[in-house]
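Q: Encoded as structure tokens, here's the structure I'll be asking about.
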Amino acid sequence: MMQVLSKVIRLDLQYSSQQSHLYQRQTCYLAPFAHEEASHFAKRILAYLSLFELQPQLAKQDPFGKQPDLFLRDHNQHFQLWCQVDLPNEKQLLRASHQADQVVLLPDSEEVRRAQLMIKGLPNVHLFCLSDDQLNEFCSMLKGHMQLSVWREDEQLVVTDGEHQLDIQVAAVTGSLFDDLTESTSTFTVRH
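In short: position in the sequence shown from 1, add 8, done, that's this note's numbering.
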């Protein structure tokens, strides 16, 4: 696996949403974890982009499965959303499920079946799965200075850097914070 070589990545983001009429340009600086693999970093960024309208926070340090990679907290510091890129062990998953209103896991394609078995009986835990091809496609967009345009229309997220385009099926962000995180599994699709 390839590691992210840049210590800081500049992301120039142009985000547009048909449903919420949010049109925003933003520049942010992202710091990959020390020795973070490109695929892991790519999943964190894709999770961030799919939840962008909720204004999630990215973890500043590698949580090693003990804390979320991406999260939302309320004014009392209670986790409303706990998003984890690596598949946690059962103890860590139960802890996350008890500490957060909603938990989102992004297992690797070969871990999907195991993840589905782990989340049985945990109604607040959801899976979002990317194929290896999709992950590789987004990894090809990773650069020291990323310029991404993101268009969201209902449950469709289109990410492009001008050379590559990724179409992803995601849960809609409407109504209350988690009304639309009701499906336990979503399948992502890609168009080249």
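All residues carry an ideal CB built from backbone N, CA and C; glycine is no exception. Remember, it's a predicted structure, so these values are computed and weren't measured experimentally.
Within 10 Å of its beta-carbon, does V12 have 16 or more other beta-carbons around it, so buried, or fewer, so exposed?
A: Indexing the sequence shown from 1 puts residue 12 at position 4. The residue is buried, with at least 16 neighbouring Cβ atoms inside 10 Å.
Q: Over what stretch of residues does the alpha helix (DSSP H) that includes A50 continue unbroken?
A: Translated into positions along the sequence shown, residue 50 becomes position 42. Unbroken alpha helix (DSSP H) run through A50: 46–58.
Q: To the nearest angstrom, how far is the alpha carbon of T197 from that of H83?
A: Taking the first residue of the sequence shown as 1, we reach residue 197 at position 189. Taking the first residue of the sequence shown as 1, we reach residue 83 at position 75. Confidence is the limiting factor: at T197 the pLDDT is only 35, short of 50, which leaves the residue's position unreliable, though a coordinate-based value still follows. Answer to the nearest angstrom: the Cα atoms are 35 Å apart.
Q: Per DSSP, what kind of secondary structure is S28 in: helix, strand or coil?
A: Sequence index remark: in the sequence shown, residue 28 carries index 20 (1-based). Three-state DSSP puts S28 in coil, outside helix and strand.
Q: According to DSSP, is L174 part of a helix, a strand, or is it coil?
A: Numbered from its first residue, the sequence shown carries residue 174 at position 166. The answer is strand: DSSP assigns L174 an E or B state.
Q: Looking at the secondary structure, which residues open and close the beta strand (DSSP E) in which M154 lies?
A: Start at 1 with the first residue of the sequence shown, and residue 154 comes out as number 146. Taken as a continuous stretch (DSSP letters only), the beta strand (DSSP E) holding M154 covers 153–161.
Q: With distances taken Cα to Cα, identify the nearest neighbour of D20 among V167, L143, S105.
A: The residue given as residue 20 occupies position 12 in the sequence shown. Among V167, L143, S105, the Cα nearest to that of D20 is on V167.
Q: Within 8 Å, do at least three Cβ pairs link the region 128–139 to the region 153–173?
A: no
Q: Taking just the CA atoms, how far does L30 sit from L113?
A: Taking the sequence shown and counting its residues from 1, the one referred to as residue 113 is at position 105. Taking the sequence shown and counting its residues from 1, the one referred to as residue 30 is at position 22. L113 and L30: Cα-Cα distance of roughly 26 Å.
Q: So D2 is in the alpha helix (DSSP H); what residue range does that whole segment cover?
A: Summary: the structure shown does not reach residue 2, with the chain confined to residues 9 through 200, and so no result is reported for it.
Q: Short check: CB of L89 to CB of L62, under 9 Å?
A: If you number the sequence shown from 1, residue 89 lands on position 81. If you number the sequence shown from 1, residue 62 lands on position 54. Yes, Cβ-Cβ distance for L89 and L62 is below 9 Å.
Q: Can you list, in chain order, the residues of its chain with a C-beta nearer than 7 Å to that of S105? Leave out the 5 residues immediately preceding and following it.
A: Here residue 105 refers to the residue found at position 97 when the sequence shown is read from its first residue. The answer, listed in chain order, is V111, L130, N132, V133.
Q: Can you give me the C-alpha to C-alpha distance between L143 and L102, rounded to a whole angstrom?
A: If you number the sequence shown from 1, residue 143 lands on position 135. If you number the sequence shown from 1, residue 102 lands on position 94. Going from the Cα of L143 to the Cα of L102 covers about 27 Å.
Q: How is the beta strand (DSSP E) around A108 delimited, first residue to last?
A: As a first step, residue 108 is located in the sequence shown; it is residue number 100 there, counting from the start. Looking at the DSSP string, the run of the beta strand (DSSP E) that includes A108 is 108–113.
Q: Check whether the Cβ atoms of Q22 and F41 lie closer than 9 Å to each other.
A: The residue labelled residue 22 in the question sits at position 14 within the sequence shown. The residue labelled residue 41 in the question sits at position 33 within the sequence shown. No, they are not a contact pair.
Q: Please check the pair A55 and C91, which I expect to be a contact at CB under 8 Å, by giving their CB distance rounded to whole angstroms.
A: Along the sequence shown, one-based indexing puts residue 55 at 47. Along the sequence shown, one-based indexing puts residue 91 at 83. Confirmed, Cβ separation roughly 5 Å.
Q: Between R199 and the rest of its own chain, which residues show a CB-CB distance below 7 Å, the 5 nearest in sequence each way excluded?
A: The sequence position of residue 199 within the sequence shown is 191, counting from 1. Residue confidence is low: R199 scores 37 on pLDDT, short of 50, so the model does not pin down where it sits. Its coordinate-derived value is still stated next. Here the set comprises Q173, D175.
Q: Ordered along the chain, which non-local residues of its own chain (more than five positions away) have a Cβ less than 7 Å from that of C147?
A: Here residue 147 refers to the residue found at position 139 of the sequence shown. Hits under 7 Å: A46, S47, A50.
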